[in-house]
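Novice: Just so we're aligned: 8 in the working numbering is position 6 of the sequence shown, and the numbers increase by one with no gaps anywhere. C-beta atoms are modelled at their ideal positions from N, C-alpha and C, and glycine is treated no differently. It should be emphasised that the depicted structure is a prediction, and the values quoted were computed from it without experimental measurement.
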Amino acid sequence: VAFNFPWTWDGRRALIQDAARGAILSPIEMHGTTVTQDQLDALTAFLVARSLARPAPTAIPPDQQPRTPEQQAAFQATLDRIATGRTVFFGKGQCATCHPAPFFTDNQIRTNVLTPSAEFSFGSDPGVGFISGNSAHSGQFKTPSLHHFYPSGAPFMHNGTLGTASAVFRFYEKSLGFTLTSQERTGLDYWLVNCPRGPFALVASTCFGNGAITAEQF
Numbered sequence: 003v004a005f006n007f008p009w010t011w012d013g014r015r016a017l018i019q020d021a022a023r024g025a026i027l028s029p030i031e032m033h034g035t036t037v038t039q040d041q042l043d044a045l046t047a048f049l050v051a052r053s054l055a056r057p058a059p060t061a062i063p064p065d066q067q068p069r070t071p072e073q074q075a076a077f078q079a080t081l082d083r084i085a086t087g088r089t090v091f092f093g094k095g096q097c098a099t100c101h102p103a104p105f106f107t108d109n110q111i112r113t114n115v116l117t118p119s120a121e122f123s124f125g126s127d128p129g130v131g132f133i134s135g136n137s138a139h140s141g142q143f144k145t146p147s148l149h150h151f152y153p154s155g156a157p158f159m160h161n162g163t164l165g166t167a168s169a170v171f172r173f174y175e176k177s178l179g180f181t182l183t184s185q186e187r188t189g190l191d192y193w194l195v196n197c198p199r200g201p202f203a204l205v206a207s208t209c210f211g212n213g214a215i216t217a218e219q220f
């Protein structure tokens, strides 16, 4: 959380304490009535203390775990699909432009609608335009981190407009101007499930590499 500044979809919170206060007192979220500064400071300290840690020396990377020949064949198929997804994420899909490793967010306020005809609507939510008062900022939102976000982050987008992974993929294909094959969509799905685990995470060897980013750099 310490690397996720600024907080909230429209970036309105400058401090972790401010974000926590806003959530606790919001009638839409927690509907609380009061919170003390000591409580907010304690909550912030707890969140920051839960920083990502290196795995235990005895932890076994996925590629080195014991498997039967049948299990290894299935695992290799998974590795191949992940490799296909990697080429989409770091290449054709342009995903890493806004979701760079190792935190898989650039922490920037931006729009992901580059083709105006993309079938997506932010509705009446002005995004960061609500904070800045600048109509040019309407529909801009903070890039979320992908750490453990997929697929448990469904429904997707800041307002839950897209309910399925296939809808997300179709939106970005139209918005960013590329077309994925069925194999590439499957591969991207596998990559998103298995790879954005955060620094020090033990992930499959095909998550990175091939000019994108090595496992050591990650």
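Within a Cβ cutoff of 6 angstroms, which residues of the same chain sit near Val170, ignoring the five residues on either side of it in sequence?
Specialist: So the list reads Phe158 and Leu164, once near-sequence residues are dropped.
Novice: Exposed or buried, which one is Ile198 when buried takes at least 16 other CB atoms within 10 Å?
Specialist: Note that residue 198 is Pro in the sequence shown, not Ile. The residue is buried, with at least 16 neighbouring Cβ atoms inside 10 Å.
Novice: Between Ser119, Phe48, Ala4 and Thr208, which lies nearest to Phe105 when the distance is taken from Cα to Cα?
Specialist: Ranking Ser119, Phe48, Ala4 and Thr208 by Cα distance to Phe105 puts Ala4 first.
Novice: For Asp127, I'd like the list of residues in its chain whose CB is within less than 7 angstroms of its CB, leaving aside the five on either flank, ordered along the chain.
Specialist: The answer, listed in chain order, is Asn161.
Novice: Applying the criterion that 16 or more other CB atoms from any shown protein chain within 10 Å of the CB defines a buried residue, is Asn196 buried or exposed?
Specialist: Counting Cβ neighbours within 10 Å, Asn196 comes out buried, since at least 16 surround it.
Novice: Alpha carbon to alpha carbon, how far is Tyr174 from Glu72? Give it in angstroms, no decimals.
Specialist: Taking the straight line from one Cα to the other gives about 36 angstroms.
Novice: Indicate whether the contact test is met: 3 or more Cβ pairs, each with one atom in the region 61-78 and one in the region 129-145, closer than 8 angstroms.
Specialist: The region 61-78, when compared against the region 129-145, does not touch it at the 8 angstroms Cβ threshold.
Novice: List the DSSP bridge partners of Phe158.
Specialist: Answer is Leu164.
Novice: Would you decide whether Val90 is buried or exposed? Buried here means 16 or more other CB atoms lie within 10 Å of its CB.
Specialist: Burial call: buried.
Novice: Return the residue from the list Leu204, Phe202, Leu116 and His101 that minimises the CA-CA distance to Phe180.
Specialist: Checked all of Leu204, Phe202, Leu116 and His101; the closest Cα to Phe180 is Leu116.
Novice: Mind the definition here: the region 96-115 touches the region 60-68 only if three or more C-beta pairs lie below 8 angstroms; say whether that holds.
Specialist: Output reads no: the region 60-68 does not touch the region 96-115.
Novice: Rounded to a whole number of angstroms, what is the C-alpha to C-alpha distance between Ala177 and Trp9?
Specialist: In the sequence on display, residue 177 carries Ser and not Ala. Taking the straight line joining both Cα atoms gives about 25 angstroms.
Novice: Do you know offhand how far Ala167's Cα is from Asp191's?
Specialist: Near 8 angstroms, if we compare the C-alpha coordinates of Asp191 and Ala167.
Novice: Kindly indicate the opening and closing residues of the alpha helix (DSSP H) around Gly24.
Specialist: It spans Ile18 to Leu27 - the alpha helix (DSSP H) in which Gly24 sits, taken as one unbroken run.
Novice: Using a Cβ-Cβ cut-off of 7 angstroms (strictly less than) and excluding sequence neighbours within five positions of Pro146, which residues of its own chain qualify?
Specialist: Thr107.
Novice: Taking the alpha-carbon positions, what's the Arg187 to Pro63 distance?
Specialist: Cα to Cα, Arg187 sits roughly 26 angstroms from Pro63.
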